[in-house]
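Below: one structure, written as structure tokens.
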Amino acid sequence: MIGLLEASVSFGALLYLAALGEMIAEKAGILNLGVEGMIAMGAVTGFAVALQTGNPWVALVAAVAAGALVGLLHGFFTVVLGAEQVVSGLSLTIFGLGLAAYVGRGSVGRPSGAELVPVDWGPLTDIPWAGPVLFAQSPLVYLAVIAGFVTWFVLWRTRLGLAVRAAGESASTADAAGHSVAGIRLAAVAVGGGLAGAAGAYLTLSLTPQWAEGIVAGRGWIAVALVIFGAWHPGRVAVGALLFGLTLALKTRLQTFGVDFSPILLSMLPYVLTVGVLVVISIRSRNRPSPAPAALGIAYRREER
Amino acid sequence: MSRPVLVRREQVLRGGQPLAFGIGLAVALVVGVLLLVGSGHDPLRVYERMFEASLGDPRAWSVTLNRAVPLGLAGLAVAVAGSMGLWNIGAEGQIMAGAIGAAWVARIGGDWPSPVVITAMLAAAILGGGLLALGPAIARARIGVNEIITTLMLNEVAIRLVQWLIHGRWKDPDSHNFPLAPMLSDNARLPGLFERAHVGVVLAAVVIVLFGVAASRTAWGYELRVAGSSGATARYAGISLERKILTVLVLSGGVAGFAGGIELSGTSDRITENLSNGFGFAGIIVAALALMRPSGVAAVALLFGAVQIGGQSIQTMGVSSSVSTILQALILFGAIAAGVLSRYRVEMVAGDTTGAIR
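First to last, the sequence lines map onto chains A and B. Start counting the first sequence at 73; every next residue gets the next number (my numbering). Start counting the second sequence at 12; every next residue gets the next number (my numbering).
What follows is the structure in structure tokens.
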């Protein structure tokens, strides 16, 4: 049971990092369906740099940078060139998965050069239940929590955050208020990519820790789902991440609990729940505002406003 | 200080899209050279091998055409929805749902005559794909639920449904406990056309032509475009948006499902969780490159089929098949950039233009 909770937090944090990134981009008005590709690029970059340098922290920084760069590619096409966000994002997934496979072709099956070892919290780790679940996790779990708080604070408690949300709600209003919509959106997509890259690094520096093609295994799509499930709020997304993390953790443990339910059907749950939440949001938004950013997915060209 | 801005051209450059496509292809090939040199291969020899294996002789053409079938139908599925401004991101899952339907018919129709079982399989495939799209279609038409996300989510559900079937009740008892469905019986396989090509190539071509004609020559196609460009205009013209959204999305799912049925019956031995090997996602790129036009879809699907088959062939030279995956994405990226330049020109404007009106 403790193992289950520990794994839920661990899996959930990975999803949370990627989902936070996607949420930030969407808050600024950019739907990025390239999460899967960005995680893959972060994962392979982190692994390769760890092999080269032996330093997991350098590897983490490199993974974040790689994710941000790939994210910026989406930014370039959608923000600068005004391309369809759906098409560009999906191409980014294909591109990222392909490039990651190409970069990592020599690293498959190799032992990792360095790992991010769990943080030693001293006596806290010895607390029954809470110790192993909360105080024996990879540093990236704690980074995910910090990232969540920072995201909430910046988006809802600062002028910068107001500008970001304005860009996602009504780009022309943000523009009229003197903000650079293009700049904000590019930055948001880059930050989002960086967080996806961190999620990738978590995969290859902590969780597995190995590189293999297909290692991302659909986690990027779960992250996209999480943003909706959490109604574009860091707190609710965190709850969703734990819940979805629990389903991932349960998948391998159902049988040990003697539960006769197909783990495959269980793994459908996040997606089915997300569709359900989306339907509820749509029904409720008939008489109250939807939590979705109003300008999400809409290109903004100042010259044509 | 000056900065570049994009200014809309008064007229879109003529031949812009084929040109953009060509530029995209060129960009992809150039970057491909860098990747190949980077991994110590002779790019010219690799490209030559890719060309030979995909378009070099009738046998190569037959394999490429087979591959173009799911790509083209998935592209058509996206284009049908796209012509009305809707995004069907669920072709990947609808292909799987179609394959499930077809595989189910093949299971119960083991001793039926071949034409009967194949016809029933393909009909079930269309039904399966349409059924998976039905939920998102109703949700979108009735309560305005964003179809991008619902169709995307159902991809993952459909793939797991196949996994569940082949791990459970569809598992072949002779598979030594591997999660494999039994092989299709011979009567469930599409007849051949030439070399490796199967009649699915003809079926797909017919469907694409039919939709091409329907889209450009019928009132139905016209209404779609009106509804896609302006919901208000459509309502004013008496077009029922709700009904249009519903039929178009279900039809789109049915076309993708059809691809799944053909793929199962034509090229796959059995239903597997990898049956739709990214065809649904590639179909979105195909449709985007074809500007949501059926005629373009066929051409782009053929080229993507060639790139994919060529990409598989170079694995024997020790080249990672990921190179062909990267090429496909790069064709699109290059074409997006070039496509923008056919509609806009770059102008340098002076200094700080905050609030400037042009």
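Cβ atoms here follow ideal geometry from the backbone N, Cα and C, with glycine treated the same way.
- Contact annotation: A:Gly147 and A:Val261 have beta-carbon atoms nearer than 8 Å.
- Taking 8 Å as the cut-off, the Cβ atoms of A:Leu105 and A:Gly168 do not count as close.
- Taking B:Thr162 as reference, the option from B:Ile295, B:Leu302, B:Gly43 and B:Ser324 with the minimal CA-CA separation is B:Ile295.
- Taking C-alpha positions only, A:Leu164 is separated from A:Gly109 by approximately 6 Å.
- Residue state for A:Leu141 is assigned as helix, using DSSP reduced to three classes.
- By the rule that beta-carbons nearer than 8 Å mark a contact, A:Arg177 touches chain B.
- A:Gly220 sits close to A:Pro306, with the two beta carbons spaced by under 8 Å.
- Between the C-alpha atoms of B:Asn288 and B:Met328 there is a straight-line separation of about 22 Å.
- If you compare the alpha carbons of A:Ala135, A:Gly264 and A:Gly93 with that of A:Ala172, the shortest gap goes to A:Ala135.
- Taken in chain order, the whole alpha helix (DSSP H) runs of length 4 or more contained in the region 295 to 349 of chain B are 305 to 324.
- For B:Phe205, the enclosing beta strand (DSSP E) starts and ends at Gly203 to Phe205.
- In the three-state reduction of the DSSP assignment, A:Glu94 falls in the helix class, which pools H, G and I.
- Cβ contact annotation for B:Leu47 (same chain, cutoff 8 Å, sequence separation greater than five): Asp53, Pro54, Val57, Val330 and Val334, in chain order.
- Chain order gives the chain A residues near B:His178 as Ile336, where near means a beta carbon separation below 7 Å.
- Look at A:Pro204 here: in three-state DSSP terms it is helix.
- The shortest C-alpha to C-alpha distance from A:Val180 to any of A:Leu123, A:Val217 and A:Leu234 is the one to A:Leu123.
- For the pair A:Pro365 and B:Glu158, the Cα-to-Cα distance works out to about 16 Å.
- Not one beta carbon of chain A lies nearer than 8 Å to the beta carbon of B:Phe189.
- Among the bridge pairs identified by DSSP, A:Pro190 is matched with none.
- Legend: CB atoms of the region 274 to 295 of chain B lying less than 9 Å from CB atoms of chain A belong to residues Gly289, Phe292, Ala293 and Ile295.
- In this structure, the alpha-carbon of A:Ile353 lies about 31 Å from that of A:Arg374.
- Per DSSP, the continuous alpha helix (DSSP H) segment holding B:Thr130 begins and ends at Ser125 to Ile154.
- When secondary structure is reduced to three states using DSSP, B:Met359 falls in the strand class.
- With 16 or more other Cβ atoms inside 10 Å of its own Cβ, B:Leu172 counts as buried.
- Judged by beta-carbon spacing, A:Thr319 lies beyond the 8 Å limit of A:Leu298, meaning their Cβ atoms are not closer than that value.
- Each residue's CA atom was taken as its position, placing A:Val159 and A:Val331 some 41 Å apart.
- When Cβ pairs closer than 8 Å are counted between the two stretches, the region 275 to 290 of chain B is seen to touch the region 107 to 121 of chain B, the count reaching three or more.
- In this structure, B:Gly265 sits away from B:Ile154, with a CB-CB distance that is not shorter than 8 Å.
- In terms of Cβ geometry, B:Gly232 and B:Ala226 form a close pair [threshold 8 Å].
- DSSP places B:Arg254 inside the alpha helix (DSSP H), whose first and last residues are Leu252 to Ile273.
- When C-beta distances to chain B are compared with 7 Å, the residues of the region 333 to 365 of chain A below that value are Ser334, Ile336, Leu337, Ser339, Met340, Tyr343, Val344, Thr346, Val347, Leu350, Val351, Ser354 and Ile355, in chain order.
- Neighbours of B:Thr327 in chain A, taken as residues at a C-beta separation under 9 Å, are lacking, since the least C-beta distance is about 15 Å.
- The three-state reading of DSSP puts B:Leu36 in helix, counting H, G and I together.
- Note on geometry: alpha-carbon atoms of B:Glu103 and B:Gly139 lie some 13 Å from one another.
- The beta carbon of B:Ser324 sits no closer than 8 Å to any beta carbon of chain A.
- Within a 10 Å sphere around the beta-carbon of B:Glu358 sit fewer than 16 other beta-carbons, which makes this residue exposed.
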